[in-house]
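Note sheet for the following structure.
There are 4 protein chains.
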Amino acid sequence: METPLQTGEMEIRVRYAEVDAMGYLHHARYAVYFEMGRTELLRARGLRYRDLEAQGLFYVVARLDCRFRAPARYDDLLRLTTMTMRVTPVRVDHAYRLHHGDRLLAEASSTLVLVGRDGHPMRMPEALFDVLSAPPSGPAG
Amino acid sequence: METPLQTGEMEIRVRYAEVDAMGYLHHARYAVYFEMGRTELLRARGLRYRDLEAQGLFYVVARLDCRFRAPARYDDLLRLTTMTMRVTPVRVDHAYRLHHGDRLLAEASSTLVLVGRDGHPMRMPEALFDVLSAPPSGPAG
Amino acid sequence: METPLQTGEMEIRVRYAEVDAMGYLHHARYAVYFEMGRTELLRARGLRYRDLEAQGLFYVVARLDCRFRAPARYDDLLRLTTMTMRVTPVRVDHAYRLHHGDRLLAEASSTLVLVGRDGHPMRMPEALFDVLSAPPSGPAG
Amino acid sequence: METPLQTGEMEIRVRYAEVDAMGYLHHARYAVYFEMGRTELLRARGLRYRDLEAQGLFYVVARLDCRFRAPARYDDLLRLTTMTMRVTPVRVDHAYRLHHGDRLLAEASSTLVLVGRDGHPMRMPEALFDVLSAPPSGPAG
Chain A
5 METPLQTGEM EIRVRYAEVD AMGYLHHARY AVYFEMGRTE LLRARGLRYR DLEAQGLFYV
65 VARLDCRFRA PARYDDLLRL TTMTMRVTPV RVDHAYRLHH GDRLLAEASS TLVLVGRDGH
125 PMRMPEALFD VLSAPPSGPA G
Chain B
5 METPLQTGEM EIRVRYAEVD AMGYLHHARY AVYFEMGRTE LLRARGLRYR DLEAQGLFYV
65 VARLDCRFRA PARYDDLLRL TTMTMRVTPV RVDHAYRLHH GDRLLAEASS TLVLVGRDGH
125 PMRMPEALFD VLSAPPSGPA G
Chain C
5 METPLQTGEM EIRVRYAEVD AMGYLHHARY AVYFEMGRTE LLRARGLRYR DLEAQGLFYV
65 VARLDCRFRA PARYDDLLRL TTMTMRVTPV RVDHAYRLHH GDRLLAEASS TLVLVGRDGH
125 PMRMPEALFD VLSAPPSGPA G
Chain D
5 METPLQTGEM EIRVRYAEVD AMGYLHHARY AVYFEMGRTE LLRARGLRYR DLEAQGLFYV
65 VARLDCRFRA PARYDDLLRL TTMTMRVTPV RVDHAYRLHH GDRLLAEASS TLVLVGRDGH
125 PMRMPEALFD VLSAPPSGPA G
């Protein structure tokens, strides 16, 4: 894998409402976790996705590819690693790894496209581009 | 795209609880729709996934790749096409297309692996293999 | 129970992603079903909730009380009865009954309050009030 | 309100996937938060709900009443207070308050019934009853 531009980690505890009849985290919930990882990655750079939306900038998921390696169970405390792999003025590529202890549960990658309030693709403001593509500055990275 | 072994169609109306702050169907919900498509594809062959689980056969999603082309909105009546692409005694590959009218909203593919109650991979009973890989027999196909 | 102003019925099939580790429909999903019932009740009167929102009218749930009598399972085909019990220019009360065959699974009631785009309570336009409180006109009722 | 037997607090950040087209936390998600509160309340007593289920003890929600006072938004960091109000050998009553800062967003109460693996009501083992009804012992209370 290429070296990520930025990396963030967060812990997520699996909720009862998120598991299925097998007692496993339902595969559709992983996408929700990845989205949480992106929110926290922005926050570590001092940005809130909520503020971007208030300014009329919306990220739309254009692609999501996921490999599920091992199941997670209710109440497991998982560790999600979210990585920014590539940023251009119109899109951002992320990669994700989800672990339970040392065990890799899932690997995924996504492409997000920036759109305006009208749903049409737009170019990222330069200030945002700089923040998203900046190398990590110290221990938060 | 290869010719599917089996094809099924169903309509799904987007629920209010499924859209996000943009008013678009949240990308994590598509996986739920695809799962519904698989349930109905089995049903058209006279099988209930629920009965398979009662017999100790579980399908686990090992891979899900999705391309999101255009957004769906609350109350849109969508048409999901679910296709069985390949069946072996230990896995099944599906492909999916989601439309709103003539507009293609999403394309996806998945790989499911059969596991037993203990979570370990198992081979499909021959009778099930025959049903899953059988060519369509008439108008249900 | 008082006589409802309006009554509507719809069928809902329990999705795999909606059940919990016990294999039962998770109790949080019932609220989603009730919301679907309200959407269909409006549609039977020729209104789309989506159009109300486009006009700047939003329904906010202020109260929801639910009694869960018996569990529903994956793939069960349920019958939801949604009833409008009371309408004033600022609120609407509904009642709900969810059945599987003859078996009553849940009873619930809710109060919705009308708000504008700013989130502040507002009075219902008279035309809407008339539609919501009108007695049923024929077989759709 | 009566004095609770036990009280616990936890923080929950509103996820993007949990808000609706108004940008508000969807009312069906509150039940998921309350369930998380119950899990953490047990954990503070040294119990894991997961272990209870492994022993064949299941809690089923028989009643949930909720008043929604003010909306929560994406990325808000909320504070949930979960209180055990009453415990008998066959049921547990909880109350809940959800705040954003000093603002009360929701108040709720629920009744849970203990059932066995067969779905039939059962009496709580004495050891569990003692833990659930014990007064708080020190700062965790």
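Protein chains in written order, with the working numbering: chain A, 5 to 145; chain B, 5 to 145; chain C, 5 to 145; chain D, 5 to 145. Where a beta carbon is used, it is the ideal one built from N, C-alpha and C, also for glycine. Predicted model, so just to flag it, every value in this text is computed and none were measured.
Helix, strand or coil at residue i [DSSP, three-state]
i: residue 94 of chain C; result: coil
i: residue 48 of chain A; result: helix
i: residue 80 of chain D; result: coil
i: residue 55 of chain D; result: helix
i: residue 33 of chain D; result: helix
i: residue 40 of chain A; result: helix
i: residue 138 of chain B; result: coil
i: residue 144 of chain B; result: Confidence at residue 144 of chain B is low in this model, with a pLDDT of 45, below 50, so its placement is unreliable and the value that follows should be read with caution. Residue state, collapsed to three classes: coil.
Contact set for residue i: own chain, Cβ-Cβ below 7 Å, skip 5 residues either direction
i: residue 136 of chain C; result: 88, 91, 96
i: residue 104 of chain B; result: 76, 80, 82
i: residue 6 of chain C; result: 89
i: residue 142 of chain A; result: Residue placement at residue 142 of chain A is flagged as unreliable, the pLDDT there being 49, under the threshold of 50; the coordinate-derived value follows with that caveat. Counting only Cβ-Cβ distances below 7 Å, and skipping sequence neighbours, we find nothing.
i: residue 18 of chain C; result: 29, 76, 77, 78, 79, 80, 82
Beta bridge counterpart(s) of residue i as assigned by DSSP
i: residue 108 of chain A; result: A:103
i: residue 18 of chain D; result: Beta-bridge pairing links residue 18 of chain D to no other residue.
i: residue 88 of chain D; result: D:10, D:98
i: residue 62 of chain C; result: C:119
i: residue 67 of chain C; result: C:115, D:71
i: residue 125 of chain A; result: A:119
i: residue 23 of chain C; result: C:29
C-beta contact flag for residue i and residue j at 8 Å
i: residue 84 of chain A; j: residue 123 of chain A; result: no
i: residue 79 of chain A; j: residue 54 of chain D; result: yes
i: residue 74 of chain B; j: residue 29 of chain B; result: no
i: residue 125 of chain D; j: residue 117 of chain D; result: yes
i: residue 82 of chain D; j: residue 16 of chain D; result: yes
i: residue 113 of chain A; j: residue 65 of chain A; result: no
i: residue 33 of chain D; j: residue 22 of chain D; result: yes
i: residue 120 of chain A; j: residue 60 of chain A; result: yes
i: residue 20 of chain C; j: residue 102 of chain C; result: no
i: residue 35 of chain A; j: residue 12 of chain A; result: no
i: residue 127 of chain C; j: residue 93 of chain C; result: yes
i: residue 131 of chain B; j: residue 8 of chain B; result: no
Neighbouring residues, chain C, relative to residue i (Cβ below 8 Å)
i: residue 27 of chain A; result: 25
i: residue 85 of chain B; result: Ordered by position in chain C, no residue passes the 8 Å Cβ test against residue 85 of chain B, which lies about 18 Å from the chain.
i: residue 88 of chain B; result: Ordered by position in chain C, no residue passes the 8 Å Cβ test against residue 88 of chain B, which lies about 18 Å from the chain.
Chain D contact residues for residue i, given Cβ-Cβ distances below 7 Å
i: residue 175 of chain C; result: No answer is possible for residue 175 of chain C: the residues shown for chain C start at 5 and end at 145.
i: residue 115 of chain A; result: Those within 7 Å of residue 115 of chain A in chain D number zero; the least Cβ separation is about 17 Å.
Beta-carbon neighbours of residue i, restricted to chain A and to distances below 7 Å
i: residue 69 of chain B; result: 69
Neighbouring residues, chain B, relative to residue i (Cβ below 7 Å)
i: residue 99 of chain A; result: Chain B residues near residue 99 of chain A: none, gap ~14 Å exceeds 7 Å.
Cross-chain neighbours of residue i in chain B, by beta carbon under 8 Å
i: residue 32 of chain D; result: 21
i: residue 35 of chain A; result: 31, 32, 35
Residues near residue i by beta carbon distance below 6 Å, same chain, minus five either side
i: residue 139 of chain D; result: none
i: residue 111 of chain C; result: 71, 101
i: residue 62 of chain D; result: 119
i: residue 145 of chain A; result: Below a pLDDT of 50, predicted positions are generally treated as unreliable, and residue 145 of chain A, at 38, falls in that range; the measurement from the model is reported next regardless. There are no such residues.
i: residue 46 of chain A; result: 53
i: residue 58 of chain A; result: none
Interface residues of chain D facing residue i [CB-CB closer than 8 Å]
i: residue 75 of chain C; result: 64, 123
i: residue 72 of chain C; result: 64, 65, 66, 67, 68
i: residue 92 of chain A; result: Here the premise fails: no neighbours, minimum Cβ distance about 23 Å.
Beta-carbon neighbours of residue i, restricted to chain C and to distances below 9 Å
i: residue 39 of chain B; result: 19, 20, 21
Beta-carbon neighbours of residue i, restricted to chain B and to distances below 9 Å
i: residue 52 of chain C; result: 79
Beta-carbon proximity list for residue i, same chain, < 8 Å, skipping 5 on both sides
i: residue 133 of chain B; result: 91, 93
i: residue 50 of chain C; result: 135
i: residue 158 of chain A; result: No answer is possible for residue 158 of chain A: it lies beyond the span of chain A, which begins at 5 and ends at 145.
Neighbouring residues, chain D, relative to residue i (Cβ below 9 Å)
i: residue 11 of chain A; result: Correct list: empty, because the minimum Cβ distance to chain D is about 20 Å.
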